[in-house]
Structures are given as C-alpha cells and as structure tokens.
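Protein chains: 2
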Amino acid sequence: MKPFVLIAEDEKAVAELLRYNLEREGYETAVAPDGDEAMIQLDERVPDLVLLDWMLPKVPGIEVCRRIRSKPETANLPVIMLTARTEEADRIRGLDTGADDYVTKPFSTTELMARVRAVLRRIRPALIEDKVVVGDIVVDRTTHTVTRNGEGIHLGPTEFRLLDYFIQHPGRVFSREQLLDGVWGSDVYVEARTVDVHVGRLRKALMSNGGDDPIRTVRSAGYSLRAN
Amino acid sequence: MKPFVLIAEDEKAVAELLRYNLEREGYETAVAPDGDEAMIQLDERVPDLVLLDWMLPKVPGIEVCRRIRSKPETANLPVIMLTARTEEADRIRGLDTGADDYVTKPFSTTELMARVRAVLRRIRPALIEDKVVVGDIVVDRTTHTVTRNGEGIHLGPTEFRLLDYFIQHPGRVFSREQLLDGVWGSDVYVEARTVDVHVGRLRKALMSNGGDDPIRTVRSAGYSLRAN
DNA sequence: CCGGTGCTTGACACATATGTGACATATACT
DNA sequence: AGTATATGTCACATATGTGTCAAGCACCGG
Chain A
1 MKPFVLIAED EKAVAELLRY NLEREGYETA VAPDGDEAMI QLDERVPDLV LLDWMLPKVP
61 GIEVCRRIRS KPETANLPVI MLTARTEEAD RIRGLDTGAD DYVTKPFSTT ELMARVRAVL
121 RRIRPALIED KVVVGDIVVD RTTHTVTRNG EGIHLGPTEF RLLDYFIQHP GRVFSREQLL
181 DGVWGSDVYV EARTVDVHVG RLRKALMSNG GDDPIRTVRS AGYSLRAN
Chain B
1 MKPFVLIAED EKAVAELLRY NLEREGYETA VAPDGDEAMI QLDERVPDLV LLDWMLPKVP
61 GIEVCRRIRS KPETANLPVI MLTARTEEAD RIRGLDTGAD DYVTKPFSTT ELMARVRAVL
121 RRIRPALIED KVVVGDIVVD RTTHTVTRNG EGIHLGPTEF RLLDYFIQHP GRVFSREQLL
181 DGVWGSDVYV EARTVDVHVG RLRKALMSNG GDDPIRTVRS AGYSLRAN
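Residue numbers (full-length UniProt numbering), protein chains in the order written: chain A, 1 to 228; chain B, 1 to 228.
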C-alpha cells in the first residue's frame, strides 16, 4: 500500500510539481486548492502525510494544521508546512502548531522528497522501504550502502542518488532532463551530458565485480534500470 | 503527445473550471465560446475529445454534434454532452445524435474527469494507457519496449514512434503525408518515400520472430496497422 | 500476357547520440 | 595547508539511426 499524501497548495504550478515528484517516488496524492477543500478531503480519507501551504485561501494553513491536531483521528498525522516566509518567528509558530517539519519556498525538490521520507520514517516507519532489492542489487537507504551479489559496492553521493532514483521504478525510461530534475534538483543548472558521465560511473561501479550492465540505454530517450 | 480536448462552453466560469481540471490531469485544451467558434476550431485541428455544451450560442450543441458526425474525419470523435436539462427525452435525443456520454450540470468535477477517462479509454485506449496491446503486440511507453508474443523487439526511435502512432487507431489507414505529419512533425521536410523505408524497417523488426505482417499496405492510400 | 504505376528493399553517405579518458575545480577530512 | 575524493565539462572515438536513391518486384486494368 502506497503512502497517501494530501497536497494543500493553491499555486497550481507548485501543486503540480509536488504531485509529479511524489507520484514518481511511489506516493499516491490528492490536491486541495484551498483550506476548505483540504478539510473536506481530510474528512473523506485520512492521508499518511499532509503538505500544507502556509497561505492557503479560505482557511489559512496554520488554522488547518490546528484543526488537524484537534481531531482525534488526525492528531498524529504528519504535517510538513510550506511557506514563502522565512522569519524565524513564523517558523516557531508553525512548529508550535504541531507541524512536523517546515520547508521554505522556493525549495529544492530533492530536499523536499528527502524530508517527506524522513518524516514518514519517523512517524510511520512501516510505510517507508529502507531497503530496496532489484535483481541482484540491494540499495539500503538507512546505511547508504549498495551491494551486488552480496559484495559491497562503493558509490559516490551522486551515483547513489542516481541509482536510488532509478530503483524507484525499475524498467521505466527516464530522460536526461527528468534525471537532472530528480537527482540533481530542479534549481541547479548542469549540462544534460553530465548525466551520461555519471551513468557511466554508476555502470562501472556496478559492474566492478563482473556482473553485466544493469542500466539500459534507450537511444534518443534516456536510461532505465533493467527491471530484472 | 497529450490528449487534446476541445471545450465548447459559453459560460466562462464553467469553461475555466473544466480547463483547469483537464490541464491538471495532463490534457491539452482549447475553449470555444460558441458553436461557430467550435466548428472553426474543429476544422483547424481535430481534438481527441469534445466537451459540448447543449445550449451553445449561434449553433446549438446538438447541431454541432450532428455536424461532427457528418464529417468523415470527425465521425468517430468522442463527444461528451454537458447540459442543464435533466429531462429523459433530451438525454435520449443527445445520445441519438451521437454523443458518447452525457453529463448534467451541475456536475462533480471528479465524476466528469472519470467520464472523460472512461470515454477516451473506450474509443482511444492508446492515448490513456501507457501500455497498449493490439493482437500479439504490446507497446509500453514507460519502459520504451515492444514485445510480440512475449519476445522483446528492438526498434529505433523512429520505428517506435511510427508503431506508437499506428497503434492509436488500429485499422485506420494513414497516408504518407499524415504519417510524416504525425510521426516526424509538420516542420521537417522529408520525402514521402522515406515513410516506405521506415515502414519496411518496422515490418522487418516486428516479423523478426516469425510472426506475420501486422501492417497492411493500402495501394495508393497508405498503411495501417491490422486491427487484429 | 503486357505495360505502367506503386511498393519494397539493399546499399550507402551522412547525421546524430552515446561512451569515456582527461582535466580543472570544488568539497570534505585530517 | 595538504590530501583524498567528487564533480562537471570537454573532446574525441564509436555506435547507431536516418534519408535518399535505384533496381527489382507486385499488382491492376486492359
């Protein structure tokens, strides 16, 4: 069962970005464009996590958060606040209200995804897979370790995140742009060709013990992890 | 290649609502505020689906629907009628005219989205699904793979797009010009004969495992994928 | 059965995408 | 500071895909 995330955010572009990234990391999502809608959806189905915009139309995010905490069935529901305000005072008020984490806009997608994972791991450890296995490759997020056929493999940070990204959806082809977005973050600018180099490094590392190439090149489309 | 939906609706608020929700779900949209405008836009570019208001200024929806059905190139175009009238008689008249579905205002957005998906899945499954099956051929867009009778088939980028295009409308015959437009893009100039070569390559690849030719040559008209 | 038109297909020159070693910086650790 | 490790780019070699042509085949109407 996929973790279900409610996105309470009125800016369409931001909501879409969140939805896209969450879904590709294997979450189920719903979007509420204002505070009222958020409350309605919360009544319909309790999510596993709420991403809550601070300034939400109709009912402000902080009020939504308060109401979430006041109802018994959602009292322990993890909430991550999104806000454009950077003032420390607000931050403290947000955490006081019971938000579990706090991210200021503009945020890096990869960072937010990491926070989402972190919060869920803390509150609902069972929902998050810490160890993913595809074929003979094992990725352990808690220890930051990769093994192939039992043998440990050393990967640099970027190669690790790259493999971690691929392993979310084995077999699926990702364009260089998607990989740059998901692995490097949508805010940094690097050449698309750089992806090739890192894929090459990842390949070399994964094949260092003699196995065959687990990454498939799809000409004019991108790369994918062999599903099997 | 997003599904393209034409919204023929004069009430701006409703049209906006539809547009917002459709675009959020990954559709491309255009709005026509009256019947004349709808007909003009239909001539310019044939959409994948039309949302058609019953009471449309200048040319009423039911008449637009009739005209859509009478033109060969739009005869099978999916149409969903929107209306405030709830009378059974109208409903029947609407379906008689050839609407594929019928939604009464006020409608729930999620319900309408579900109907849109349902109609498109029925009429043009290939637009919605990321895995399409025609006969013994399976095209998977997410993994960029093609299999026939379970055996993997390697296609170059152009051949893949060509097959993907054919599979949108199994059985339908496409002229070389249509294929150039749809597969290569309307901006590049290549010889019509080139289509022949690529069709040949696609055939060879698809028949490499011994199956029979899934593509039909229609002399002096073009090519089509055998519907079954 | 013949001629003509349209289609198929192998060859090939050219275009484009990808793989990879080298290198100059950046960053982290001691 | 000094060392080790990572990173992003480039340049060039290689692999793969593309468009065109032309010779030969298939089909159709007479």
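Beta carbons are placed, not taken as given, at the ideal position from N, Cα and C, and that holds for glycine.
Three-state secondary structure (DSSP) of residue i
i                      : result
D10 of chain B         : coil
A89 of chain A         : Note that A89 of chain A has pLDDT 49, beneath the 50 cutoff, so the model's placement of it is unreliable and the number below is only indicative. A89 of chain A: helix per DSSP, three-state reduction.
residue 240 of chain A : Since the displayed chain A opens at 1 and closes at 228, residue 240 of chain A lies outside it and no answer follows.
R216 of chain B        : strand
Y20 of chain B         : helix
G222 of chain A        : strand
Residue i and residue j closer than 9 Å at C-beta
i               : j               : result
V138 of chain A : V146 of chain A : yes
P72 of chain A  : D48 of chain A  : no
V119 of chain B : I80 of chain B  : yes
V195 of chain B : R172 of chain B : no
E9 of chain B   : D36 of chain B  : no
M39 of chain B  : V14 of chain B  : no
V116 of chain A : L22 of chain A  : yes
D164 of chain B : R148 of chain B : no
Y20 of chain A  : P3 of chain A   : no
A126 of chain B : Q168 of chain B : yes
E25 of chain A  : M113 of chain A : yes
V5 of chain B   : V50 of chain B  : yes
P106 of chain A : D34 of chain A  : no
Closest by C-alpha distance to residue i, when choosing among the options
i                      : options                           : result
E11 of chain B         : B:L155, B:P57 and B:Y223          : B:P57
L210 of chain A        : A:A99, A:E151 and A:G61           : One point to set straight first is that residue 210 of chain A is Gly, not Leu, in the sequence displayed. The shortest C-alpha separation from G210 of chain A is found at A:E151.
residue 246 of chain B : B:Q178, B:L225, B:E159 and B:P60  : Nothing in the structure corresponds to residue 246 of chain B, since chain B is present only between 1 and 228.
V197 of chain B        : B:L179, B:G185 and B:D212         : B:L179
R69 of chain A         : A:T158, A:L42 and A:G185          : A:L42
W184 of chain B        : B:R161, B:Q168 and B:N149         : B:R161
S108 of chain A        : A:G182, A:G200 and A:H144         : A:G182
K204 of chain A        : A:I153, A:N228, A:V116 and A:A221 : A:I153
A192 of chain A        : A:A32, A:Y223 and A:E28           : A:Y223
V199 of chain B        : B:D187, B:A114 and B:G156         : B:G156
R66 of chain B         : B:D100, B:P33 and B:R45           : B:D100
R122 of chain A        : A:M55, A:E16, A:I215 and A:N76    : A:N76
T158 of chain A        : A:K131, A:T110 and A:G98          : A:T110
E44 of chain B         : B:I215, B:R219 and B:A30          : B:A30
H144 of chain B        : A:P33, A:V5, A:A227 and A:D34     : A:A227
T217 of chain A        : A:F166, A:S186 and A:V188         : A:F166
V59 of chain B         : B:E129, B:V46, B:A32 and B:A84    : B:A32
F174 of chain B        : B:L6, B:Y102 and B:I215           : B:I215
T104 of chain A        : A:G135, A:R124, A:V190 and A:M55  : A:M55
T83 of chain B         : B:T74, B:G98 and B:Y102           : B:Y102
D136 of chain B        : B:E129, B:D213 and B:V188         : B:D213
*Along the chain, which unbroken stretches of the beta strand (DSSP E) at least 3 residues long are found entirely within the region 108-195 of chain B?*
131-134, 137-140, 145-148 and 151-153
*Compile a chain-ordered list of the residues in the region 20-32 of chain B whose CB is closer than 8 Å to at least one CB of chain A.*
Y20 and R24
*Could you give the uninterrupted runs of the alpha helix (DSSP H) lying entirely in the region 23-90 of chain B, keeping only those of 4 residues or more?*
35-44 and 61-70
*asked:* By the 7 Å beta-carbon criterion, what residues does the region 127-147 of chain B contribute toward chain A?
replied: Of all residues in the region 127-147 of chain B, only T142, T143 and H144 place a beta-carbon less than 7 Å from a beta-carbon of chain A.
*Compile a chain-ordered list of the residues in the region 188-221 of chain A whose CB is closer than 8 Å to at least one CB of chain B.*
V218, R219, S220 and A221
*Near-chain B residues of the region 172-184 of chain A (beta-carbon distance less than 8 Å), N- to C-terminal order*: R172 and V173
*Listed from N- to C-terminal order along the chain, which residues in the region 156-167 of chain B have their beta-carbon within a distance smaller than 8 Å of any beta-carbon of chain A?*
G156 and P157
*For the region 6-20 of chain A, which residues have a beta carbon sitting closer than 9 Å to at least one beta carbon of chain B?*
Among the residues of the region 6-20 of chain A, those with a Cβ less than 9 Å away from any Cβ of chain B are K12, A15, E16 and R19, in the order of the chain.
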